[in-house]
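K.L.:
Under this note's numbering, the first residue of the sequence shown is numbered 20, with each subsequent residue one higher. One structure coming up, written as structure tokens, with questions to follow.
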Amino acid sequence: MNKKRNKIWMVITIILSFIVIITALYGYRLYDKYKETLRNISEMDDEESLLDENHETNSQEPFILLVYGISERINDKGHSDTMLLALVDPKEVKVQLISIPRDAYVDIPGYKMDKLNVTYPRGGSKLMIDTLENWLDIEISGFVSINFEGFINLVDLFGGIEVDVDRSMSYDDPYDGTRIRISPGKQVLDGKNALDFVRFRYSNDGRHSSDYERMDRQQQALKALANKLTIMNSLPRLFSMMDILSDHVKTSLPPQRIEEYIKTFKGIKAENIVTDSIQGEGHKVNELWYEKIPDEEVNRIRKLIEDFLSRAENIE
């Protein structure tokens, strides 16, 4: 009887040992993949590396990040289609997102007054940041960018995002093949439709969307996606997400700093993500439409940013 019991315990011990070994190997592989992903998304050219060195911050200090989405095409660097300033407070685990009109008429260092979204093809993230710092009189600590394919893949990985579509969206562009068909109402959108939702601007019926309607949709989609990221509990999905991030996301933050912020913000509450947007009005210059931002609005945004940073710095 004892021999039989010993054999049973031996089998159980062997099985448990295998489980421990497999779990350890899987954990090591996951950790290795995680570190590799941080290195990949932190890859920068010399100009971007210099940018980060000039804007170094303590990991617990409040800071400002430029977050933007890129529409890339073959043999074309693309344009920054979506732009936000993220005011980040690691100590209180709070974020304020400020959407920026891509057609904002601004003074571009080394160039002339033009639309803000021409800065990316002309000078990459550095010129974008220089322009925003000069315009808003702020210091931006770095950037995070994602291309459209990465956004689509992330949304699909999480089974779509739930949004409230404010209107019927129908648009066809024969030049680039765009075809948008989204019905109004609360619904779950897959990656392709989620991208159409945040980009929708022109309509077949002539009722075009303003930059501000687009910015509201972008903020809604980003919040929905952020919520999906904070509740992720599938290891295979985690591996897939890291592949997507490696291929489609880029940042000027160093790997160690990214890791610190992931730990800090992984469980951020929805109410701790606040949104705002820079408001302006359509203005025609040389037969082209721009978004002219009044001085009062620029001052409001400067004050909002100053208040956020000083409030965070004063919290002990």
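Idealized CB from N, CA, C, for every residue including glycine. Quick caveat: nothing in here was measured; it's all calculated off a predicted structure.
Residue 305 to residue 324, Cα distance in whole Å?
P.N.:
For the purposes of this step, residue 305 is taken as residue 286 along the sequence shown, with counting starting at 1. For the purposes of this step, residue 324 is taken as residue 305 along the sequence shown, with counting starting at 1. Roughly 33 angstroms between the two C-alpha positions.
K.L.:
When burial is assigned at 16 or more other CB atoms within 10 Å of the CB, is residue 329 buried or exposed?
P.N.:
Taking the first residue of the sequence shown as 1, we reach residue 329 at position 310. Exposed, since its Cβ has fewer than 16 Cβ neighbours within 10 Å.
K.L.:
Would residue 164 and residue 138 be called neighbours here (beta carbons separated by less than 9 angstroms)?
P.N.:
Walking along the sequence shown from the start, residue 164 turns up at place 145. Walking along the sequence shown from the start, residue 138 turns up at place 119. No, the pair does not count as a contact, with Cβ atoms beyond the cut-off.
K.L.:
If the criterion is Cβ atoms closer than 9 angstroms, does the pair residue 190 and residue 167 meet it?
P.N.:
Residue 190 sits at position 171 when you count from the first residue of the sequence shown. Residue 167 sits at position 148 when you count from the first residue of the sequence shown. Contact flag unset, no.
K.L.:
For residue 227, count neighbouring Cβ atoms within 10 angstroms of its own Cβ and tell me buried if that reaches 16, exposed if not.
P.N.:
Position 208 of the sequence shown, counted from the first residue, corresponds to residue 227. The residue is exposed, with fewer than 16 neighbouring Cβ atoms inside 10 Å.
K.L.:
Which stretch, first to last residue, makes up the alpha helix (DSSP H) that contains residue 298?
P.N.:
Position 279 of the sequence shown holds residue 298. Looking at the DSSP string, residue 298 is not in any alpha helix (DSSP H), and its letter there is neither H nor E.
K.L.:
Just checking my contact of residue 184 with residue 210 at CB under 8 angstroms: how many whole Å lie between their CB atoms?
P.N.:
Position 165 of the sequence shown holds residue 184. Position 191 of the sequence shown holds residue 210. About 15 angstroms; that fails the 8 angstroms criterion.
K.L.:
Per DSSP, residue 87 is paired with what?
P.N.:
Taking the first residue of the sequence shown as 1, we reach residue 87 at position 68. BP columns for residue 87 point to 102 and 164.
K.L.:
Count the other C-beta atoms from every protein chain shown that fall within 10 angstroms of the C-beta of residue 39, then say buried if there are 16 or more, exposed otherwise.
P.N.:
Within the sequence shown, residue 39 is the residue found at index 20, counting from 1. Note that residue 39 has pLDDT 48, beneath the 50 cutoff, so the model's placement of it is unreliable and the number below is only indicative. Result: exposed.
K.L.:
In the structure shown, what three-state DSSP assignment does residue 222 receive?
P.N.:
Taking the first residue of the sequence shown as position 1, residue 222 is located at position 203. In the structure shown, residue 222 sits in coil (DSSP, three-state: anything other than H, G, I, E or B).
K.L.:
Among 176, 247, 238 and 221, which has the Cα closest to the Cα of residue 88?
P.N.:
For the purposes of this step, residue 88 is identified with residue 69 of the sequence shown, where counting begins at 1. It is 238.
K.L.:
Along the chain, where does the alpha helix (DSSP H) that runs through residue 144 open and close?
P.N.:
The residue you call residue 144 lines up with position 125 of the sequence shown. Taken as a continuous stretch (DSSP letters only), the alpha helix (DSSP H) holding residue 144 covers 138-155.
K.L.:
In the DSSP assignment, find the unbroken alpha helix (DSSP H) run with residue 111 in it and report its ends.
P.N.:
Position 92 of the sequence shown, counted from the first residue, corresponds to residue 111. Element bounds for residue 111: n/a, residue is neither H nor E.
K.L.:
Mind checking residue 144: buried by the 16 CB within 10 Å criterion, or exposed?
P.N.:
Here residue 144 refers to the residue found at position 125 of the sequence shown. It is buried - the Cβ of residue 144 has at least 16 other Cβ atoms within 10 Å.
K.L.:
Since residue 172 and residue 267 should fall inside the 8 angstroms C-beta cutoff, what is the C-beta to C-beta distance between them, to a whole number of angstroms?
P.N.:
As a position in the sequence shown, residue 172 is number 153, starting the count at 1. As a position in the sequence shown, residue 267 is number 248, starting the count at 1. Their Cβ separation, rounded to whole angstroms, is 7 angstroms, which keeps residue 172 and residue 267 in contact under 8 angstroms.
K.L.:
Name the two residues that bound the continuous alpha helix (DSSP H) containing residue 275.
P.N.:
As a position in the sequence shown, residue 275 is number 256, starting the count at 1. From DSSP, the alpha helix (DSSP H) with residue 275 extends over 274-284.
K.L.:
Kindly give me the distance between the Cβ atoms of residue 123 and residue 297, rounded to whole angstroms, as I take these residues to be in contact under 8 angstroms.
P.N.:
Translated into positions along the sequence shown, residue 123 becomes position 104. Translated into positions along the sequence shown, residue 297 becomes position 278. Going by Cβ atoms, the distance from residue 123 to residue 297 rounds to 7 angstroms, so yes, they are a contact pair.
K.L.:
Do residue 160 and residue 82 have their C-beta atoms within less than 9 angstroms of each other?
P.N.:
As a position in the sequence shown, residue 160 is number 141, starting the count at 1. As a position in the sequence shown, residue 82 is number 63, starting the count at 1. It is a contact, given that the beta carbons lie within the stated cut-off.
K.L.:
Applying the 10 Å Cβ sphere with the 16-neighbour rule, what's the burial state of residue 310?
P.N.:
One-based indexing of the sequence shown puts residue 310 at position 291. By the neighbour-count rule (16 or more Cβ atoms within 10 Å), residue 310 is buried.
K.L.:
Who are the Cβ neighbours of residue 199 in its own chain at under 7 angstroms, not counting the five residues just before and after it?
P.N.:
Taking the sequence shown and counting its residues from 1, one reaches residue 199 at position 180. Cβ within range, chain order: 188, 189, 190, 215 and 219.
K.L.:
So, is residue 307 buried or exposed, given that buried needs 16 or more other C-beta atoms within 10 angstroms?
P.N.:
Locating residue 307 in the sequence shown gives position 288, where the first residue counts as 1. The residue in question, residue 307, is exposed, as its Cβ has fewer than 16 Cβ neighbours within 10 Å.
K.L.:
Round the Cβ separation of residue 1 and residue 114 to the nearest angstrom and send it over; I've been treating them as touching at under 8 angstroms.
P.N.:
There is no way to answer for residue 1, as the model of the chain reaches only from 20 to 335.
K.L.:
Please state whether the Cβ-Cβ distance between residue 245 and residue 182 is less than 9 angstroms.
P.N.:
Your numbering for residue 245 matches position 226 in the sequence shown. Your numbering for residue 182 matches position 163 in the sequence shown. Result no, Cβ atoms of residue 245 and residue 182 do not sit closer than 9 angstroms.
K.L.:
Does the Cβ-Cβ distance between residue 119 and residue 102 come in under 9 angstroms?
P.N.:
As a first step, residue 119 must be located in the sequence shown, where it is residue number 100. As a first step, residue 102 must be located in the sequence shown, where it is residue number 83. Yes, Cβ-Cβ distance for residue 119 and residue 102 is below 9 angstroms.
K.L.:
Who pairs with residue 115 in a beta bridge, going by DSSP?
P.N.:
Residue 115 sits at position 96 when you count from the first residue of the sequence shown. DSSP output for residue 115 lists 106 and 293 as bridge partner(s).
K.L.:
If you reduce the DSSP assignment to three classes, tell me which class residue 80 lands in.
P.N.:
Position 61 of the sequence shown, counted from the start, is the residue given in the question as residue 80. If DSSP states are grouped into helix, strand and coil, residue 80 belongs with coil.
K.L.:
Would you kindly work out how many angstroms separate the C-alpha atoms of residue 116 and residue 242, rounded to a whole number?
P.N.:
Translated into positions along the sequence shown, residue 116 becomes position 97. Translated into positions along the sequence shown, residue 242 becomes position 223. Distance between the alpha carbons of residue 116 and residue 242 is about 10 angstroms.
K.L.:
Does the beta-carbon of residue 109 have 16 or more other beta-carbons within 10 angstroms, so that it is buried, or is it exposed?
P.N.:
Position 90 of the sequence shown holds residue 109. Looking at its Cβ environment, which holds 16 or more other Cβ atoms inside 10 Å, residue 109 is buried.
K.L.:
Which residues in the same chain as residue 315 place their Cβ atom closer than 6 angstroms to its Cβ, once the five residues preceding and following it in sequence are excluded?
P.N.:
Reading the sequence shown from its first residue, position 296 is the one you call residue 315. No residues qualify anywhere along the chain.
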